[in-house]
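Visitor: Take a look at this one; I'll ask things after.
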Amino acid sequence: MKEMKMQYPIVFVHGMYGWGDKQGINKKAPYWGGTAGSITEYLSGRGIECYAASNGPISSAWDQACELYAQLTGTRVDYGEHHSRVYGHKRFGRTYDKPIFENWSKEKKVHLIGHSFGGQVSRLLVHLLENGAPDEIALGSDDTSPLFLGGQKDLVCSVTAICSPLNGTDAYQSVKKYHMLPMLKFVTLNSAVILGRTKLQGELIDVHLEQMGVNKTDEIKDTKKFVEVMKDLFLCKESIDYDMTDAGTEDLNGFVKIVPSVYYFSFPFNLTDKNEKGKTVPKNTNNPLLWATGKLMIRTDKSLNKVTVGNDGLVDVVSAMHPKDEPYKLYSPDEPLESGIWNAMPVGKGDHGTPIGLFADKEETHKFYDNLLVLLNKTENNQD
18 MKEMKMQYPI
28 VFVHGMYGWG
38 DKQGINKKAP
48 YWGGTAGSIT
58 EYLSGRGIEC
68 YAASNGPISS
78 AWDQACELYA
88 QLTGTRVDYG
98 EHHSRVYGHK
108 RFGRTYDKPI
118 FENWSKEKKV
128 HLIGHSFGGQ
138 VSRLLVHLLE
148 NGAPDEIALG
158 SDDTSPLFLG
168 GQKDLVCSVT
178 AICSPLNGTD
188 AYQSVKKYHM
198 LPMLKFVTLN
208 SAVILGRTKL
218 QGELIDVHLE
228 QMGVNKTDEI
238 KDTKKFVEVM
248 KDLFLCKESI
258 DYDMTDAGTE
268 DLNGFVKIVP
278 SVYYFSFPFN
288 LTDKNEKGKT
298 VPKNTNNPLL
308 WATGKLMIRT
318 DKSLNKVTVG
328 NDGLVDVVSA
338 MHPKDEPYKL
348 YSPDEPLESG
358 IWNAMPVGKG
368 DHGTPIGLFA
378 DKEETHKFYD
388 NLLVLLNKTE
398 NNQD
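For the sequence shown, the numbering used here assigns the number 18 to the initial residue and increments by one for each residue that follows.
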């Protein structure tokens, strides 16, 4: 495949339990590429400037957006004075000595590509850049982060949400229905707190939870006792699991606004199909785990008397298309792209991991990103 000219760099934003290209685990198991091989390496070979950020894998959308901003600017993570007071954690996190790429500006905007929860993080970052955070501004502090002051709409060209729970996910309802939620939450938090205190932290994985007192940085030396941390994490709404509940998604979508100058794309995937008896079943997947969760979601939809329209094993198709209260249109190659509206792409065949190359065909994975590059290139040509 020949090189492609792109004016702006791409930054990939991982989903829940994910990692970026600077993590030790990424050398053996790239999040972006999975079993199909590194996507960032493939795109770099095509002449594309691209990077994979690393945020807190179980942190809230707000905390991850703050971490992503610090990486893009090469600054100290600031979770906000008001926000940190409300949720009872430290205001500041680690410091990034240099940005992901140089000269981020309106002349050198960024394309954000988020998978799963990374789509929510990306759209929240764009919202904050444009609209700021009124509660932070109201404090009148001299050191309020520029992220919370707003007026920075010209720094992002596009947001792409792949298999993102833009309206939450019925997978949560499935877990809740079968009484698995407390156990899964306990195992997840336990693992994060334990790993964050081992030598693997920063070497193989990175839990990014120093603001909660889990691990240390050069700036933050103290850590809370294990039991205290577990209690705080288990009870606090400041987490990814709350943001994906119906209530958490409603809170998030209640204040996040679409930015008129930014192009938004959504890519839903569907592992379900009809069998020979006309029943909806999970079929379009090579991942046994997602086959099982997809089956569970279908059963839960039926028990709740919902119309089953498909899922990717973790996220419902309708949720991955667009936030319910934001404008959208179904993409057509015969119509011009519009900014300030969700361009909902045709539903792809596959599961939640298919578009990131997990148990997916290498050529099909590359083709997916080749086609995405064409769309992103068009958005650049539409810039003033």
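Note that the Cβ used here is the ideal one computed from N, Cα and C, for glycine as well. These figures come from a predicted structure and were not determined experimentally.
Give the straight-line distance between the Cα atoms of Ala150 and Asp368, rounded to the nearest whole angstrom.
Guide: Counting from one through the sequence shown, the residue named residue 150 turns up at place 133. Counting from one through the sequence shown, the residue named residue 368 turns up at place 351. Each residue's Cα considered, the two are about 35 Å apart.
Visitor: Could you check how far apart the C-beta atoms of Leu288 and Gly230 are, in whole angstroms? I think they sit under 8 Å.
Guide: Within the sequence shown, residue 288 is the residue found at index 271, counting from 1. Within the sequence shown, residue 230 is the residue found at index 213, counting from 1. The Cβ separation is near 39 Å, so there is no contact.
Visitor: Could you compute how far the alpha carbon of Lys296 sits from the alpha carbon of Leu146?
Guide: As a first step, residue 296 must be located in the sequence shown, where it is residue number 279. As a first step, residue 146 must be located in the sequence shown, where it is residue number 129. Spanning the two alpha carbons is a distance of roughly 46 Å.
Visitor: Just to confirm the assignment: which complete beta strand (DSSP E) runs, minimum length 3, are found wholly within the region 333–358?
Guide: The qualifying runs are 345–347.
Visitor: Taking the alpha helix (DSSP H) that Ala87 belongs to, which residues open and close that run?
Guide: Here residue 87 is taken as the residue at index 70 of the sequence shown, counted from 1. That run of the alpha helix (DSSP H) goes Ala78 to Thr90.
Visitor: Which of helix, strand or coil does DSSP assign to Leu183?
Guide: The count along the sequence shown starts at 1 and reaches residue 183 at position 166. Here Leu183 sits in strand by DSSP.
Visitor: Have a look at Glu343 and Pro47 and give me their C-alpha separation to the nearest angstrom.
Guide: Locating residue 343 in the sequence shown gives position 326, where the first residue counts as 1. Locating residue 47 in the sequence shown gives position 30, where the first residue counts as 1. Whole-angstrom Cα-Cα distance: 33 Å.
Visitor: Are Lys366 and Ser278 close, meaning C-beta to C-beta below 7 Å?
Guide: Mapped onto the sequence shown, residue 366 falls at position 349. Mapped onto the sequence shown, residue 278 falls at position 261. Result no, Cβ atoms of Lys366 and Ser278 do not sit closer than 7 Å.
Visitor: Please report the distance separating the alpha-carbon of Ser181 from that of Gly136.
Guide: Position 164 of the sequence shown, counted from the start, is the residue given in the question as residue 181. Position 119 of the sequence shown, counted from the start, is the residue given in the question as residue 136. One C-alpha to the other measures close to 5 Å.
Visitor: Using a Cβ-Cβ cut-off of 7 Å (strictly less than) and excluding sequence neighbours within five positions of Gln81, which residues of its own chain qualify?
Guide: Translated into positions along the sequence shown, residue 81 becomes position 64. If we look at Gln81 and ignore the five residues flanking it on each side, its Cβ neighbours are Asn72, Gly73 and Val138.
Visitor: Tell me which same chain residues have a C-beta within less than 6 Å of the C-beta of Glu20, skipping the five on either side of it?
Guide: Looking up residue 20 in the sequence shown gives position 3. If we look at Glu20 and ignore the five residues flanking it on each side, its Cβ neighbours are Arg63 and Gly64.
Visitor: For the beta strand (DSSP E) containing Tyr59, name the first residue and the last one.
Guide: Here residue 59 refers to the residue found at position 42 of the sequence shown. Counting along the chain, Tyr59 falls outside any beta strand (DSSP E), though it belongs to the alpha helix (DSSP H) covering Ile56 to Gly62.
Visitor: I need the straight-line Cα distance from Glu153 to Gly105, nearest angstrom please.
Guide: Sequence index remark: in the sequence shown, residue 153 carries index 136 (1-based). Sequence index remark: in the sequence shown, residue 105 carries index 88 (1-based). Roughly 15 Å between the two C-alpha positions.
Visitor: Classify Arg140 as helix, strand or coil using the three-state DSSP reduction.
Guide: Here residue 140 refers to the residue found at position 123 when the sequence shown is read from its first residue. Helix, per DSSP.
Visitor: Roughly how many angstroms lie between the CA atoms of Ala264 and Lys22, to the nearest whole one?
Guide: For this step, residue 264 is matched to residue 247 along the sequence shown. For this step, residue 22 is matched to residue 5 along the sequence shown. Each residue's Cα considered, the two are about 42 Å apart.
Visitor: Tell me which same chain residues have a C-beta within less than 6 Å of the C-beta of Thr177, skipping the five on either side of it?
Guide: By 1-based counting over the sequence shown, the position of residue 177 is 160. Result list for Thr177: Ile130 and Phe282, in chain order.
Visitor: Report yes or no: do the region 249–264 and the region 204–215 share at least 3 C-beta pairs separated by less than 8 Å?
Guide: The region 249–264 is in contact with the region 204–215.
Visitor: What are the partner residues of Asp290, as DSSP defines its beta bridges?
Guide: Along the sequence shown, read from residue 1 onward, the residue named residue 290 stands at position 273. Beta-bridge pairing links Asp290 to Val298.
Visitor: Taking one C-beta from the region 31–51 and one from the region 210–221 each time, how about it: are there three or more such pairs within less than 8 Å?
Guide: Result yes; three or more Cβ-Cβ pairs closer than 8 Å.
Visitor: To the nearest angstrom, how far is the alpha carbon of Gly50 from that of Val28?
Guide: Residue mapping note: residue 50 aligns to position 33 of the sequence shown, counting from 1. Residue mapping note: residue 28 aligns to position 11 of the sequence shown, counting from 1. So the two alpha carbons sit approximately 14 Å from each other.
Visitor: Just to confirm the assignment, what range does the alpha helix (DSSP H) spanning Ile130 have?
Guide: Looking up residue 130 in the sequence shown gives position 113. Here Ile130 belongs to no alpha helix (DSSP H); instead the beta strand (DSSP E) covers Val127 to His132.
Visitor: With distances taken from CA atoms, which of Lys323, Pro163 and Leu156 is nearest Asn148?
Guide: To locate residue 148, count along the sequence shown from 1; it is residue 131. Closest by alpha carbon: Pro163.
Visitor: Nearest-angstrom Cα distance between Gly327 and Leu183?
Guide: Against the sequence shown, residue 327 aligns to sequence position 310. Against the sequence shown, residue 183 aligns to sequence position 166. Their backbone Cα atoms lie some 15 Å apart in a straight line.
Visitor: Identify the continuous beta strand (DSSP E) that holds Gly110 and give its terminal residues.
Guide: In the sequence shown, counting from the first residue as 1, residue 110 sits at position 93. It spans Phe109 to Thr112 - the beta strand (DSSP E) in which Gly110 sits, taken as one unbroken run.
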